[in-house]
């Protein structure tokens with residue numbers, strides 16, 4: 002049986018385990034921060050996204066306002082995504098790759114050269130300069146976490 006990946010959201014000193022299916026109201030109570038809503042792409046979705054003010058966090062919902070994923074942006078420097086004690090946004094690449102290898106967390110470098118995918122598409126990291134690591138360590142710009150009923154650590158599919 003595969004181990005499970007439970008990405009945690011870290012805001013300040015608080016660790017928050019967000020789960021698929023939480024309602025918008027439940028998520029906002031857990032986050033306890035000011036939130037604005039916006040429609041990310043009117044042609045793609047009519048369900049508003051929550052933007053947590055001054056944190057760099059977007060929360061994505063599906064029908065009936067149930068949580069399906071979240072995205073954290075490094076530029077605000079207020080939040081992070083943590084898996085097995087590994088801080089995804091505040092660790093440079095290739096050190097992050099080494100830590101994932103040590104924890105036996107499967108990942109692949111995406112074909113587009115702009116990041117990596119962890120687990121069975123559970124976490125996607127945007128690392129725009131990943132191919133430039135020969136010159137300098139690069140940082141993850143954002144992490145998208147797709148919440149799933151099955152958070153097991155499957156091998157990555159190419």
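Numbering (the working numbering), first residue to last: 2 to 159. Quick reminder that beta carbons are idealized off the backbone N, C-alpha and C, glycines included.
Under 7 Å Cβ to Cβ from residue i, same chain only, skipping five residues before and after it: list those, please.
i	result
residue 21	68, 69, 148, 149 and 150
residue 90	73, 75, 81, 82, 141 and 144
residue 41	50
residue 130	139
residue 77	55, 56 and 57
residue 18	7 and 9
residue 34	53, 54 and 56
residue 66	24 and 25
residue 2	Any reading at residue 2 must be qualified, since the residue scores a pLDDT of 38, below 50, and its modelled position is unreliable; the value itself is stated next. Cβ within range, chain order: n/a, list empty.
residue 71	10, 19, 58, 59, 60, 61 and 146
Could you tell me which residues DSSP pairs with residue i in its beta bridges?
i	result
residue 102	The partner list for residue 102 (beta bridge, DSSP) is empty, contrary to what the question assumes.
residue 58	53 and 73
residue 93	140
residue 88	83
residue 27	DSSP output for residue 27 lists no bridge partner at all.
residue 17	10
residue 36	53
Reducing DSSP to helix, strand and coil, say where residue i ends up.
i	result
residue 148	coil
residue 11	strand
residue 48	coil
Quick one: residues in its chain with C-beta nearer than 6 Å to the C-beta of residue i, no 5 flanking neighbours on either side, listed in chain order?
i	result
residue 16	9
residue 13	none
residue 101	108
Given 8 Å as the limit, is there contact between the segment 115 to 135 and the segment 44 to 59, that is, 3 or more CB pairs closer than that?
As far as the Cβ criterion goes, the segment 115 to 135 does not touch the segment 44 to 59, which means the pair count is below three.
Could you tell me which uninterrupted beta strand (DSSP E) segments, each at least 3 residues in length, are contained entirely in the segment 108 to 143, listed from first to last along the chain?
108 to 110, 116 to 119 and 124 to 127
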